[in-house]
Amino acid sequence: MAMQADFLWMDGELIPFGQATIHVLTHTLHYGFGVFEGIRAYQREDGTSHVFRLQEHVKRLFESAHIIGLEIPYDAASLERACTETLVANGLAKGYLRPIAFLGSDTLGLGALNNKTHVAVGAWDWGAYLGEEGMAKGIRCKISSFSRLHVNVNMVKGKICGQYVNSVIAKREVLKAGYDEAIMLDTQGYVSECTGENLFMVKNGKIITAPYGSSILGGITRDTILALAGDLGIPVQERLFTRDELYVADEVFLCGTAAEITPVREIDDRTIGGGRPGEVTLAVSKKFFGVVRGDDPARPEWRATYTLKA
Ligand SMILES: Cc1ncc(COP(=O)(O)O)c(C=O)c1O
């Protein structure tokens with residue numbers, strides 16, 4: 022991933038990308054007390070561009086901040102504008118957006134009630150998060166030896182910076198063991214989600230995923246898939262399930278803003294279904310990519326159009 026761009030939005034203005042620096046004593050760098058989002062912009066076949074579910078992502082940024090008690094000194098409309106302005110300033114007809122709100126370096130005490138909250142939005146072109154080949158043929162996953170966050174220790178409905186250490190150690194563990202992604206179980210042993218994606222399995226034509234009220238992040242892509250599966254007439258069920266149910270699933274796929282829809286062909290060295298993307302995964306993917314890219318006109322309210330300067 023090359024994180025290269027010309028400009029970055031920081032504290033209310035666009036500044037040259039290389040000048041978007043922070044002090045080494047920045048509070049959030051030490052303690053992880055900050056919140057962020059990951060958002061994608063797409064270009065349609067007719068050349069127009071849009072940000073996918075921008076309002077929902079900015080809303081979740083504010084919800085994450087509310088969960089931890091961080092005041093964001095902007096309103097939602099300003100941050101939505103900051104996202105599109107950053108894409109336009111960088112001439113990005115499509116790309117990935119990374120808004121982040123964090124505490125500055127005023128003091129380093131844990132309380133630090135008066136530190137300034139900084140907000141930044143980065144944007145760059147980012148292809149398939151789990152690789153083009155993985156997306157086409159399916160990836161290999163391993164159940165992590167690390168549990169997903171406990172709901173009363175961490176605030177699982179927030180995208181909170183420090184919480185991602187859990188995801189990073191799980192991801193590094195499986196990458197070093199030669200797999201593509203980690204599947205995390207909750208502290209009771211039920212399948213939760215992956216390090217940066219929600220997880221779905223397909224059994225007997227039905228799509229099954231962990232319930233919203235469990236230890237998962239409430240993924241916007243997860244919500245998109247549940248809605249589109251409904252439109253396609255595919256039955257969906259939100260319930261807890263175990264790792265051995267995954268082993269004998271007909272199909273498994275992951276979803277997230279970065280990973281989009283990525284099929285899983287193997288878990289813990291066991292082939293899943295036919296060892297390639299299955300029928301339901303392919304049907305959902307086709308609808309999903311049509312809608313997120315905007316070539317399928319369904320759900321126009323999910324696409325916030327923006328125009329690049331001529
Ligand atoms: C832990 C975790 N689960 C799931 C997701 C998927 O969420 P979304 O579809 O909103 O990107 C993400 C990515 O944001 C994540 O970090």
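Numbering-wise (the numbering used here), the sequence shown opens with residue 22 and increments by one.
Yeah, the Cβ is synthetic: ideal placement off N, Cα and C, and Gly gets one too.
Item to check | Whole-angstrom distance between ILE181 and THR292, CA atom to CA atom | outcome: 34 Å
Checklist entry - Using the rule of at least 16 other Cβ atoms within 10 Å of the residue's Cβ for burial, across every protein chain shown, is LYS16 buried or exposed? => result Residue 16 falls outside the range modelled here, since the chain spans only 22 to 331, and no answer is possible.
Next on the checklist: By the DSSP assignment, the beta strand (DSSP E) with LYS227 in it spans what residues?
Outcome noted: 227-230
Item to check | Exposure label - HIS333; buried when at least 16 CB within 10 Å | outcome: This structure does not reach residue 333, given that the chain is present from 22 up to 331, and the question cannot be answered.
Item to check | Any non-hydrogen atom of ligand 1 closer than 8 Å to CYS12 Cβ | outcome: Beyond the ends of the chain as shown, which are 22 and 331, falls residue 12; an answer cannot be given.
Next on the checklist: If you reduce the DSSP assignment to three classes, tell me which class PRO321 lands in.
Outcome noted: helix
Item to check | Contact check, ALA141 vs ALA86, beta carbons under 9 Å | outcome: ALA86 is positioned such that its CB atom lies no closer than 9 Å to that of ALA141.
Item to check | The beta strand (DSSP E) enclosing CYS182, as first and last residue numbers | outcome: Careful: CYS182 lies outside any beta strand (DSSP E) and carries neither H nor E.
Checklist entry - Pick from GLY296, GLU266 and LEU275: whose alpha carbon is nearest that of LEU247? => result Comparing Cα-Cα distances from LEU247 to each of GLY296, GLU266 and LEU275, the minimum goes to LEU275.
Item to check | DSSP-derived helix/strand/coil call for HIS78 | outcome: helix
Checklist entry - Between which two residues does the alpha helix (DSSP H) containing PHE309 stretch? => result PHE309 -> alpha helix (DSSP H) spans 300-314.
Next on the checklist: Distance check for ARG320 and GLU218, CA to CA, integer angstroms please.
Outcome noted: 22 Å
Checklist entry - Who are ARG61's beta bridge partners in DSSP? => result Beta bridge pairing from DSSP links ARG61 with TYR117.
Checklist entry - In this structure, what does DSSP give as the bridge partners for TYR327? => result SER70
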